[in-house]
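A.B. asks: Just passing along the structure, written as structure tokens.
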Amino acid sequence: MSEEIITSNHWLVITNPTAGKRRFKEQSKYICSELEKAQVPYIFKVTEYSGHAIEIARYYARRNCLNFMILGGDGSVSEVINGIFAAEPENSSEIRIAIFPRGTGNDWGRFWKLKKNDRESLKVFFKGKTKLIDIGQIEYQNKNSEQNFYYFINSVGFGLDAEVVDLTHRLKKYLGSFSLLYTIALLLAVFRYKTTNSTLEINDKSYPLRLFTMNIANGPYTGGGIKQNPFALPYDGVFDMMIAEKPSFKDIITALPLIFNGSLTKHPVIKTLQTKEILIQVEKEIKVEADGIIVPNAHNCRVSILPEAIRMIVP
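Counted the way this note's numbering counts, the sequence shown spans residues 4 to 318.
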């Protein structure tokens, strides 16, 4: 990358051409022209592969870029967040993000009522307000017992939650991307997934359990509109959690309808709580997903909240 001159007013515009790809060029051209009309200085970058947005955001965050515009879905937003925090900014709360939703999921944007409409997104960008939001941090050991960090903006899931995300990605290769894909993956996985012996450490107390699924939420929506943790707020300084242990066949059958009407947490097999930090230890490898992205080889995960960690432009 060439050395651009970056001021505190510059916006780094990162776009994912595979999210909303039918109108990618047209949309990008329109948004850039509106920025130019408003005399907003910007740098435009297009991602070329998975993880590229992390690299781009990290590069510019290390060069003191303070403003990041993301034209993409939940995965793109998550990658940019990871790039920003991987750069270890001195004061991340000075950094602003603006999101122009793309793709099929958009669970993060759904909470903020961000619409997949460029004119509406520009209206929010120019006339919206900035709000400090929380970010989640996962500290974990990889297969070589090395400490790693991964960040998330919406939620992190373990067990069945991550299995469904992984299966969704695999099905997408054959079926393409559409709104019901997550639901299909859920129905395929829920009856065959096995529990894992685990220990949770919350507020200095240990809880052994047979973990079936767990979701730790900063925002309420997952899976393209499922209200998995309906009371989660991304600015209250705590996570909302839902946990299920070794459900019976009857539990699964009776819980499935509740997943889709937002009342899953009312089912007796589901436990809910709030916390700022949790340590998850498992006897064998378990899948982990953050914002719909699989975190590979993640063991002994400590999930912590970073309160008021970054600013976001909201309606």
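Built from N, CA and C at the ideal position, the CB exists for glycine as well.
Values in this document were obtained by computation on a predicted structure and should not be read as measured data.
Report yes if the CB atom of ILE34 is closer than 8 Å to the CB atom of PHE103, and no otherwise.
C.D. replies: As a working note, residue 34 is residue 31 in the sequence shown. As a working note, residue 103 is residue 100 in the sequence shown. A contact, by the Cβ cut-off of 8 Å.
A.B. asks: Assign PHE103 to one of three DSSP states: helix, strand, or coil.
C.D. replies: The sequence position of residue 103 within the sequence shown is 100, counting from 1. PHE103 falls in the strand class under three-state DSSP.
A.B. asks: Under a three-way DSSP split, which group does PHE352 fall into?
C.D. replies: Residue 352 falls outside the range modelled here, since the chain spans only 4 to 318, and no answer is possible.
A.B. asks: Specify the secondary structure class of LYS197 as computed by DSSP and reduced to three states.
C.D. replies: Locating residue 197 in the sequence shown gives position 194, where the first residue counts as 1. DSSP, reduced to helix, strand and coil, places LYS197 outside both helices and strands of the structure shown, so it counts as coil.
A.B. asks: Please list the segments of the beta strand (DSSP E) lying wholly inside the stretch 217-288, counting only runs of 3 or more residues, in order along the chain.
C.D. replies: 242-248, 273-278 and 280-285
A.B. asks: Write down the C-beta distance between ILE289 and GLY160 rounded to the nearest angstrom, noting that I regard them as a contact closer than 8 Å.
C.D. replies: Here residue 289 refers to the residue found at position 286 when the sequence shown is read from its first residue. Here residue 160 refers to the residue found at position 157 when the sequence shown is read from its first residue. With 8 Å as the limit, ILE289 and GLY160 do not qualify as a contact, their Cβ atoms being about 10 Å apart.
A.B. asks: Distance, Cα to Cα, ASP121 vs ASP110?
C.D. replies: By one-based count along the sequence shown, residue 121 stands at place 118. By one-based count along the sequence shown, residue 110 stands at place 107. Near 18 Å, if we compare the C-alpha coordinates of ASP110 and ASP121.
A.B. asks: Using the Cβ count rule (16 or more neighbours within 10 Å means buried), how would you classify THR50?
C.D. replies: Start at 1 with the first residue of the sequence shown, and residue 50 comes out as number 47. Counting the other Cβ atoms within 10 Å of the Cβ of THR50 gives 16 or more, which makes it buried.
A.B. asks: Leaving out the 5 sequence neighbours to the left and right, which residues in its chain are closer than 6 Å to ILE73 when beta-carbon positions are compared?
C.D. replies: Counting from one through the sequence shown, the residue named residue 73 turns up at place 70. Counting only Cβ-Cβ distances below 6 Å, and skipping sequence neighbours, we find ILE17, SER79, VAL80, VAL83 and ILE102.
A.B. asks: Excluding sequence positions up to five away, which residues of its chain have a Cβ less than 8 Å from the Cβ of THR107?
C.D. replies: For the purposes of this step, residue 107 is taken as the residue at position 104 of the sequence shown. The answer, listed in chain order, is GLY76, SER180, PHE181, SER182, LEU184 and GLY227.
A.B. asks: Buried or exposed for THR10, please, with buried defined as at least 16 other CB atoms from any protein chain shown within 10 angstroms of its CB.
C.D. replies: Working through the sequence shown from its first residue, we reach residue 10 at position 7. Burial call: exposed.
A.B. asks: Considering only their Cβ atoms, is the gap separating PHE155 from ASP243 smaller than 8 Å?
C.D. replies: Against the sequence shown, residue 243 aligns to sequence position 240. Against the sequence shown, residue 155 aligns to sequence position 152. Cβ atoms of ASP243 and PHE155: not closer than 8 Å.
A.B. asks: Quick check on GLU292: buried or exposed, where buried means 16 or more other Cβ atoms within 10 Å of its Cβ?
C.D. replies: The residue given as residue 292 occupies position 289 in the sequence shown. Burial call: buried.
A.B. asks: List the whole-angstrom C-beta distance separating ILE219 from ILE281, where the pair is believed to meet the contact cut-off of C-beta under 8 Å.
C.D. replies: Here residue 219 refers to the residue found at position 216 when the sequence shown is read from its first residue. Here residue 281 refers to the residue found at position 278 when the sequence shown is read from its first residue. Indeed they touch by this definition, with Cβ atoms about 7 Å apart.
A.B. asks: Look at the alpha carbon of ASN85 and the alpha carbon of TYR143, and state the distance between them as a whole number of angstroms.
C.D. replies: Locating residue 85 in the sequence shown gives position 82, where the first residue counts as 1. Locating residue 143 in the sequence shown gives position 140, where the first residue counts as 1. Answer to the nearest angstrom: the Cα atoms are 15 Å apart.
A.B. asks: Using beta-carbon positions only, say whether ILE308 and LYS279 come within less than 8 Å of one another.
C.D. replies: Position 305 of the sequence shown, counted from the first residue, corresponds to residue 308. Position 276 of the sequence shown, counted from the first residue, corresponds to residue 279. ILE308 is a Cβ neighbour of LYS279, given a cutoff of 8 Å.
A.B. asks: Considering only their Cβ atoms, is the gap separating ILE229 from PHE263 smaller than 8 Å?
C.D. replies: Taking the sequence shown and counting its residues from 1, one reaches residue 263 at position 260. Taking the sequence shown and counting its residues from 1, one reaches residue 229 at position 226. Contact flag set, yes.
A.B. asks: If you count every other CB in all the chains shown that lies within 10 Å of the CB of TYR177, and 16 or more means buried, which is it?
C.D. replies: As a position in the sequence shown, residue 177 is number 174, starting the count at 1. For TYR177, the number of other beta carbons within 10 angstroms of its own is below 16, and it is reported as exposed.
A.B. asks: Quick one: what does DSSP say TYR63 is sitting in, helix, strand or coil?
C.D. replies: The residue you call residue 63 lines up with position 60 of the sequence shown. In this structure, DSSP gives TYR63 a helical state, which the three-state scheme calls helix.
A.B. asks: Closer than 8 Å by C-beta to PHE129: which residues in its own chain qualify, once you throw out the five before and the five after it? Chain order, please.
C.D. replies: On the sequence shown, position 126 is the one that residue 129 refers to. A distance below 8 Å between beta-carbons, with the five flanking residues on each side excluded, links PHE129 to the following residues of its chain, in chain order: ALA41.
A.B. asks: CB PHE152 to CB ILE141, shorter than 8 Å?
C.D. replies: The count along the sequence shown starts at 1 and reaches residue 152 at position 149. The count along the sequence shown starts at 1 and reaches residue 141 at position 138. Contact: yes.
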